[in-house]
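When we follow my numbering, the leftmost residue of the sequence shown carries the number 3, and every step to the right adds one.
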Amino acid sequence: MPVKVLNLLEKKTYRYQERDKELEKAFVAQLKQYGQERLVYIDESGFDNTLDYGYGYCHKSERFIAEKLGHRIERVSVIGGWREGEQIAPMVFEGYANSALVCQWVEDCLVPELIPGQIIILDNASVHPKERIQTLVAKAGCEVIFLPPYSPHLNKIEKFWGRLKKEVSKLIKKTEDLFDAIRIAFCSMS
(Lines of atoms letter the chains of each structure in order from A; the text may use other names.)
(Lines give C-alpha, C1' and ligand atoms only; values in the text may rest on other atoms or scores of the structure.)
Protein backbone atom coordinates (compact mmCIF):
# COMPACT_ATOMS: atom_id res chain seq x y z
CA MET A 3 0.00 0.00 0.00
CA PRO A 4 1.50 3.43 -0.94
CA VAL A 5 2.64 5.71 1.87
CA LYS A 6 0.26 8.48 0.76
CA VAL A 7 -2.74 6.16 1.09
CA LEU A 8 -1.76 5.47 4.69
CA ASN A 9 -1.64 9.25 5.29
CA LEU A 10 2.01 9.09 6.36
CA LEU A 11 4.55 11.83 5.75
CA GLU A 12 8.21 11.56 4.84
CA LYS A 13 9.64 13.29 7.89
CA LYS A 14 12.76 12.48 9.78
CA THR A 15 14.26 14.27 12.74
CA TYR A 16 17.78 13.62 13.92
CA ARG A 17 18.80 13.75 17.56
CA TYR A 18 22.31 13.29 18.88
CA GLN A 19 22.99 9.93 20.51
CA GLU A 20 25.31 11.67 22.97
CA ARG A 21 22.56 13.80 24.46
CA ASP A 22 21.59 13.27 28.08
CA LYS A 23 17.82 12.77 28.28
CA GLU A 24 17.74 13.45 32.02
CA LEU A 25 19.52 16.79 31.56
CA GLU A 26 17.04 17.62 28.80
CA LYS A 27 14.08 16.84 31.10
CA ALA A 28 15.58 19.00 33.85
CA PHE A 29 16.16 21.83 31.36
CA VAL A 30 12.56 21.70 30.10
CA ALA A 31 11.29 21.65 33.71
CA GLN A 32 13.49 24.66 34.52
CA LEU A 33 12.06 26.62 31.57
CA LYS A 34 8.49 25.86 32.66
CA GLN A 35 8.99 27.98 35.77
CA TYR A 36 9.34 31.05 33.52
CA GLY A 37 6.59 32.36 31.28
CA GLN A 38 7.16 32.01 27.53
CA GLU A 39 7.19 35.80 27.23
CA ARG A 40 10.43 35.88 29.25
CA LEU A 41 12.33 33.42 27.04
CA VAL A 42 14.67 34.62 24.27
CA TYR A 43 16.40 31.94 22.18
CA ILE A 44 19.57 32.94 20.32
CA ASP A 45 21.81 31.19 17.81
CA GLU A 46 23.66 31.56 14.52
CA SER A 47 23.15 29.87 11.19
CA GLY A 48 25.15 29.81 7.98
CA PHE A 49 24.37 29.91 4.28
CA ASP A 50 26.55 29.36 1.26
CA ASN A 51 26.02 29.54 -2.46
CA THR A 52 25.65 25.76 -2.74
CA LEU A 53 22.17 25.79 -1.16
CA ASP A 54 19.77 23.77 -3.26
CA TYR A 55 16.64 21.68 -3.01
CA GLY A 56 17.25 18.20 -1.67
CA TYR A 57 14.87 16.74 -4.23
CA GLY A 58 13.79 17.03 -7.86
CA TYR A 59 11.17 15.63 -10.21
CA CYS A 60 11.50 13.59 -13.38
CA HIS A 61 9.92 10.61 -15.13
CA LYS A 62 9.80 7.40 -13.06
CA SER A 63 12.19 5.59 -15.37
CA GLU A 64 14.84 8.34 -15.17
CA ARG A 65 17.15 9.61 -12.45
CA PHE A 66 16.99 13.32 -11.58
CA ILE A 67 20.46 14.83 -11.94
CA ALA A 68 21.24 18.37 -10.86
CA GLU A 69 24.59 20.11 -11.09
CA LYS A 70 26.05 22.20 -8.32
CA LEU A 71 29.39 23.64 -7.34
CA GLY A 72 31.78 21.30 -5.60
CA HIS A 73 33.14 24.14 -3.48
CA ARG A 74 31.79 27.18 -1.69
CA ILE A 75 32.42 30.58 -3.17
CA GLU A 76 30.48 32.66 -0.67
CA ARG A 77 29.59 32.16 3.01
CA VAL A 78 27.05 34.35 4.76
CA SER A 79 25.97 33.87 8.37
CA VAL A 80 23.13 35.22 10.46
CA ILE A 81 22.77 35.64 14.18
CA GLY A 82 19.56 36.55 15.90
CA GLY A 83 17.08 36.01 18.66
CA TRP A 84 13.63 34.44 18.83
CA ARG A 85 11.08 35.78 21.30
CA GLU A 86 7.41 34.74 21.36
CA GLY A 87 7.43 33.64 17.73
CA GLU A 88 9.23 36.71 16.39
CA GLN A 89 12.82 37.34 15.38
CA ILE A 90 14.73 40.03 17.23
CA ALA A 91 18.09 41.69 16.61
CA PRO A 92 18.95 39.83 13.39
CA MET A 93 22.39 40.50 11.93
CA VAL A 94 23.67 39.19 8.59
CA PHE A 95 27.42 39.09 7.96
CA GLU A 96 29.95 37.58 5.61
CA GLY A 97 31.98 34.60 6.83
CA TYR A 98 31.70 32.60 10.03
CA ALA A 99 30.82 33.61 13.59
CA ASN A 100 33.57 33.94 16.18
CA SER A 101 33.59 34.89 19.87
CA ALA A 102 34.41 38.56 19.27
CA LEU A 103 31.59 38.95 16.75
CA VAL A 104 29.05 37.16 18.94
CA CYS A 105 29.94 39.32 21.96
CA GLN A 106 29.76 42.49 19.85
CA TRP A 107 26.33 41.42 18.56
CA VAL A 108 25.10 40.70 22.11
CA GLU A 109 26.30 44.10 23.32
CA ASP A 110 25.23 46.24 20.32
CA CYS A 111 22.15 44.45 18.96
CA LEU A 112 20.65 42.04 21.50
CA VAL A 113 20.99 43.90 24.81
CA PRO A 114 19.08 46.99 23.56
CA GLU A 115 16.17 44.69 22.60
CA LEU A 116 16.02 42.93 25.97
CA ILE A 117 13.50 43.61 28.71
CA PRO A 118 14.78 43.23 32.30
CA GLY A 119 13.91 39.80 33.67
CA GLN A 120 14.15 37.96 30.38
CA ILE A 121 15.97 34.64 30.12
CA ILE A 122 18.44 34.18 27.25
CA ILE A 123 18.82 30.61 26.01
CA LEU A 124 21.73 29.50 23.86
CA ASP A 125 23.92 26.50 23.18
CA ASN A 126 27.41 25.73 24.43
CA ALA A 127 29.18 26.50 21.14
CA SER A 128 32.80 27.57 21.42
CA VAL A 129 31.86 30.95 19.89
CA HIS A 130 29.67 31.65 22.95
CA PRO A 131 32.10 32.67 25.73
CA LYS A 132 29.90 31.98 28.75
CA GLU A 133 31.27 34.49 31.25
CA ARG A 134 31.43 37.41 28.81
CA ILE A 135 27.90 36.81 27.50
CA GLN A 136 26.53 36.42 31.04
CA THR A 137 28.18 39.72 32.03
CA LEU A 138 26.76 41.58 29.02
CA VAL A 139 23.26 40.16 29.50
CA ALA A 140 23.33 40.84 33.26
CA LYS A 141 23.82 44.56 32.50
CA ALA A 142 20.35 44.46 30.90
CA GLY A 143 18.89 42.82 34.03
CA CYS A 144 18.57 39.45 32.31
CA GLU A 145 19.87 35.93 32.88
CA VAL A 146 21.51 33.33 30.61
CA ILE A 147 20.68 29.62 30.57
CA PHE A 148 22.74 27.29 28.40
CA LEU A 149 21.17 24.35 26.59
CA PRO A 150 22.19 20.85 27.64
CA PRO A 151 25.01 19.47 25.44
CA TYR A 152 23.91 17.93 22.12
CA SER A 153 20.38 19.34 22.44
CA PRO A 154 19.90 21.93 19.68
CA HIS A 155 16.31 20.71 19.19
CA LEU A 156 15.44 22.50 22.45
CA ASN A 157 16.37 25.87 20.92
CA LYS A 158 13.20 27.27 19.33
CA ILE A 159 15.10 29.47 16.89
CA GLU A 160 16.38 26.36 15.08
CA LYS A 161 12.99 25.83 13.40
CA PHE A 162 13.04 29.42 12.16
CA TRP A 163 16.56 28.92 10.73
CA GLY A 164 15.31 25.79 8.95
CA ARG A 165 12.40 27.67 7.38
CA LEU A 166 14.72 30.56 6.45
CA LYS A 167 17.17 28.18 4.75
CA LYS A 168 14.35 26.58 2.80
CA GLU A 169 13.16 30.00 1.63
CA VAL A 170 16.71 31.11 0.71
CA SER A 171 17.25 27.90 -1.28
CA LYS A 172 14.19 28.80 -3.37
CA LEU A 173 15.32 32.40 -3.88
CA ILE A 174 19.01 31.76 -4.61
CA LYS A 175 18.23 30.72 -8.19
CA LYS A 176 16.30 33.97 -8.80
CA THR A 177 18.83 36.41 -7.38
CA GLU A 178 22.50 36.96 -8.10
CA ASP A 179 23.45 37.70 -4.51
CA LEU A 180 23.23 35.49 -1.42
CA PHE A 181 22.82 38.58 0.81
CA ASP A 182 19.81 39.64 -1.29
CA ALA A 183 18.25 36.18 -1.06
CA ILE A 184 18.64 36.20 2.74
CA ARG A 185 17.27 39.76 3.02
CA ILE A 186 14.24 38.91 0.86
CA ALA A 187 13.62 35.71 2.83
CA PHE A 188 13.82 37.59 6.16
CA CYS A 189 11.34 40.20 4.89
CA SER A 190 8.91 37.59 3.58
CA MET A 191 8.96 35.76 6.92
CA SER A 192 8.50 38.82 9.14
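Ideal placement from N, C-alpha and C gives every residue a C-beta, glycine not left out.
Residue i versus residue j - alpha carbon distance
i, j, result
"H130", "K176", "35 Å"
"C144", "R85", "14 Å"
"Q89", "S192", "8 Å"
"K23", "E160", "19 Å"
"R165", "E133", "31 Å"
"F181", "A187", "10 Å"
"Y59", "S153", "34 Å"
"E26", "F148", "11 Å"
"E39", "Q136", "20 Å"
"H155", "I123", "12 Å"
"L33", "H61", "49 Å"
"A28", "V146", "16 Å"
"E96", "L103", "11 Å"
"G37", "K168", "30 Å"
"Q35", "V113", "23 Å"
Beta-carbon spacing of residue i, residue j below 9 Å
i, j, result
"D45", "N126", "no"
"E211", "A91", "No answer is possible for residue 211: it lies beyond the span of the chain, which begins at 3 and ends at 192."
"I117", "A99", "no"
"S101", "S128", "yes"
"I184", "N51", "no"
Supposed close pair residue i, residue j - CB separation, criterion 8 Å
i, j, result
"R65", "P150", "In fact, because the Cβ distance is near 42 Å, the residues do not count as touching under 8 Å."
"M93", "C111", "6 Å"
"V42", "I121", "7 Å"
"G48", "S79", "5 Å"
"V139", "V108", "7 Å"
One or two residues paired with residue i in a DSSP bridge
i, result
"G48", "S79"
"Y43", "W84, I123"
"I117", "I117 pairs with nothing; no bridge assigned."
"E169", "None; E169 has no bridge partner."
"Q106", "BP columns for Q106 are empty, so no partner."
"Q89", "W84"
DSSP state of residue i mapped onto helix, strand, coil
i, result
"A187", "helix"
"V94", "strand"
"F29", "helix"
"E160", "helix"
"V146", "strand"
"Q35", "coil"
"I174", "coil"
"Q154", "Note that residue 154 is Pro in the sequence shown, not Gln. Helix at P154."
"E24", "helix"
"Y132", "According to the sequence displayed, residue 132 carries Lys and not Tyr. Three-state result, K132: helix."
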